[in-house]
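One structure is given below, encoded as structure tokens.
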Amino acid sequence: VEFGEGSIVYKETIASTVEGVGHFEPLRHYAEVHLKLEPGEPDSGIMIETQASEDKLDKNWQRLIMTHIDEREHPGVLTGSSITDIKITLMSGRAHEKHTEGGDFRQATYRAIRQGLMQAENVLLEPYYSFRLEVPADSVGRAMTDLDRMGAKFEGPFQKGENSEFTGIAPVAQMSGYMIQVNSYTAGKGRLTCTLKGYRPCKDQDAIVAEKMYDPDADINNPTGSVFCA
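This is how it looks when you write it as structure tokens:
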């Protein structure tokens with residue numbers, strides 16, 4: 007069995023408030039959904055609420071729309087990575103007395119999210135580690151240089167017995183394989199412990215987006231537009 011280095015799992019969020027509209031109206035089907043998308047707090051996930059009037063959209067339809075928002079991970083429009091840290095509010099919607107079915111609102115909801123994302127200021131997020139690094143005193147300079155190079159935010163060094171300790175956060179992509187380097191420059195006396203901290207804005211967003219070559223308009227499984235009756 008061989009193990010590769012693996013790949014970084016990115017996510018996406020937004021930095022501006024927008025309204026997304028999804029309209030689904032092929033023959034004998036009808037649903038319309040209006041959603042407000044707002045930036046959320048870091049590591050808050052997807053927050054959902056409704057401000058829609060029951061006079062315009064029945065409560066049962068509102069519950070169904072909320073379910074469709076929550077039932078899957080929605081892809082972003084930068085790299086197709088899952089969106090997170092966004093507050094989604096149902097503002098309004100419309101159903102037809104005879105032609106609306108539950109699946110119609112699924113299509114309208116998905117399209118409303120995608121249409122909103124296409125208008126927003128999108129931000130690529132990368133995973134960060136919370137780390138603890140222990141090195142001998144004669145390796146402190148090398149450790150500080152490495153942490154600065156990796157874009158880490160850290161505190162230390164703190165004296166811990168015969169070693170010096172650093173604590174902080176750093177991008178997973180930058181710290182990948184760093185334990186091998188620590189073992190090398192400390193002659194096996196160093197120790198690195200990492201736990202996943204959460205997601206933060208990616209400093210290399212433009213390069214990663216260009217590398218992924220994702221075209222949201224060409225993603226036929228996640229359309230960004232609405233369907234209208236011919």
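Residues in the sequence shown are numbered consecutively from 7, following my numbering.
All residues carry an ideal CB built from backbone N, CA and C; glycine is no exception.
Would you decide whether residue i is buried or exposed? Buried here means 16 or more other CB atoms lie within 10 Å of its CB.
i	result
R117	buried
K234	It should be noted that the sequence gives Phe, not Lys, for residue 234. Label assigned to F234: exposed.
N227	exposed
F164	exposed
L33	exposed
G109	exposed
E5	Limits of the chain in this structure are 7 at one end and 236 at the other, which puts residue 5 out of reach.
V129	buried
How many Å lie between residue i and residue j at the Cα?
i	j	result
Q113	K17	23 Å
S145	Y135	21 Å
H35	M97	21 Å
K93	D221	24 Å
G82	D223	12 Å
P142	K209	31 Å
I71	L202	32 Å
T90	E107	28 Å
E171	D49	27 Å
G204	E55	24 Å
R197	E140	5 Å
E79	K218	19 Å
F9	G26	Caution is warranted here: a pLDDT of 45 is assigned to F9, below 50, making its placement in the model unreliable, and the coordinate value is therefore given only provisionally. Their backbone Cα atoms lie some 42 Å apart in a straight line.
L123	K195	48 Å
Would you mind stating whether residue i and residue j have Cβ atoms separated by less than 8 Å?
i	j	result
Q57	T95	yes
L84	V215	yes
G183	T115	no
A213	E127	no
T199	R138	yes
L41	A101	no
A158	I175	yes
V15	P177	no
Check the C-beta distance from residue i over to residue j and give it rounded, since I have them as a contact under 8 Å.
i	j	result
T23	Q121	Wrong, their Cβ atoms sit about 14 Å apart, outside the cutoff.
L131	P45	With a Cβ gap of about 12 Å, L131 and P45 do not count as contacting.
F30	S232	7 Å
V282	G86	Because the chain here runs from 7 to 236, residue 282 falls outside it and cannot be looked at.
T173	F160	6 Å
With a threshold of 7 Å, establish whether the CB of residue i neighbours any heavy atom of the ligand MN.
i	result
T151	Absence of the ligand MN from the depicted structure is noted, as is the absence of any ligand whatsoever, leaving it without description.
Point to revise | Runs of alpha helix (DSSP H) lying entirely within the segment 37 to 95, each at least 4 residues, in chain order | key: Entirely contained in the segment 37 to 95, the alpha helix (DSSP H) runs reaching 4 residues are, in chain order, 65 to 76.
Check your understanding: Which parts of the segment 182 to 209 are runs of the alpha helix (DSSP H), unbroken and 4 residues or longer, counting only runs that do not cross its ends?
Key -> 184 to 191, all fully within the segment 182 to 209.
Point to revise | Entirely enclosed beta strand (DSSP E) segments - the segment 140 to 184, minimum 3 residues | key: For the segment 140 to 184, whole beta strand (DSSP E) runs of length 3 or above, ordered along the chain, are 159 to 166, 169 to 177.
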